[in-house]
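Note that this note's numbering has the sequence shown beginning at 169, numbered continuously upward. Some notes on the structure that comes next.
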Amino acid sequence: MSQLASKVSRILAAMLRLDRADEPVIGKGPSNAGGEALPTYGEAEREPVDMIEVQHPDGRMTRYPPPEHWEDWVEWDSKAWPRKVPRRYSLVPTICFNCESACGLLAYVDKTTYEIRKFEGNPAHPGSRGRNCAKGPATHNQIYDPERILYPLERVGARGEGKWKRISWDEAMTIIAEKMHAAKAEYGAESVAFGRGTGINNTHIVSRLA
Numbered sequence: 169m170s171q172l173a174s175k176v177s178r179i180l181a182a183m184l185r186l187d188r189a190d191e192p193v194i195g196k197g198p199s200n201a202g203g204e205a206l207p208t209y210g211e212a213e214r215e216p217v218d219m220i221e222v223q224h225p226d227g228r229m230t231r232y233p234p235p236e237h238w239e240d241w242v243e244w245d246s247k248a249w250p251r252k253v254p255r256r257y258s259l260v261p262t263i264c265f266n267c268e269s270a271c272g273l274l275a276y277v278d279k280t281t282y283e284i285r286k287f288e289g290n291p292a293h294p295g296s297r298g299r300n301c302a303k304g305p306a307t308h309n310q311i312y313d314p315e316r317i318l319y320p321l322e323r324v325g326a327r328g329e330g331k332w333k334r335i336s337w338d339e340a341m342t343i344i345a346e347k348m349h350a351a352k353a354e355y356g357a358e359s360v361a362f363g364r365g366t367g368i369n370n371t372h373i374v375s376r377l378a
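Quick look at the structure:
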């Protein structure tokens with residue numbers, strides 16, 4: 169147990185240590201409300217905001233990240249560990265479209281590359297209040313995953329063979345409509361089932377099959 173504790177202690181020390189080459193340089197640049205210069209590390213002009221209080225005196229929880237810092241938010245780059253490298257982001261409010269709940273999200277837009285680095289909960293959203301399930305952060309994959317579907321595809325090989333061809337939206341809608349019409353004609357209107365989870369109302373479509 170003592171060896172494990174010693175190993176954990178060394179790991180934590182490495183996480184908290186700044187290498188000499190990464191020591192902050194205090195100079196002309198951004199300052200805090202008291203007029204004191206903020207340290208810079210090259211990748212960003214200042215360190216992340218130090219959030220000490222997590223609860224207000226009246227019991228309300230502190231919003232994190234605080235909205236007043238969304239325009240120029242700075243936090244440590246987790247991929248740069250064990251070095252402490254601050255990154256600058258612009259936090260853009262949006263919503264999750266993976267189910268009908270439409271929880272609030274914050275898109276972390278890298279201010280250097282303008283790429284969305286991640287999605288996290290929006291503490292200012294009146295419904296979810298920053299509390300999201302795993303589908304919210306997974307929105308990043310819907311933007312950058314190389315296997316995401318960008319346009320309608322029609323299978324041209326055997327099922328499971330993985331052969332597809334690109335078709336237009338008009339062609340896709342025609343194929344779907346024809347199959348729905350054929351199912352209704354042969355098995356009745358109740359043979360077609362709908363599943364939804366994006367908040368889109370399908371009532372007008374269902375009523376046409378009645």
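Beta carbons: idealized from backbone N, C-alpha and C, even for Gly. Since we're looking at a predicted model, the values are computed, not measured.
- Excluding the 5 residues flanking it on each side, Asn266 has same chain C-beta neighbours closer than 6 angstroms at Lys303, in chain order.
- Sequence-distant Cβ neighbours of Tyr319 in its own chain, meaning closer than 7 angstroms and more than five residues away, are Arg334.
- Rounded to the nearest angstrom, the Cβ distance from Asn300 to Leu273 is 7 angstroms, consistent with a contact under 8 angstroms.
- The distance from the Cβ of Pro291 to that of Arg297 is about 6 angstroms, consistent with a contact at the 8 angstroms cut-off.
- Following the DSSP letters along the chain, one finds Lys347 inside the alpha helix (DSSP H) bounded by residues 337 to 355.
- Contact between Cys264 and Thr307 holds: their C-beta atoms lie close to 6 angstroms from each other, under 8 angstroms.
- DSSP, read as helix, strand or coil, puts Glu358 in helix.
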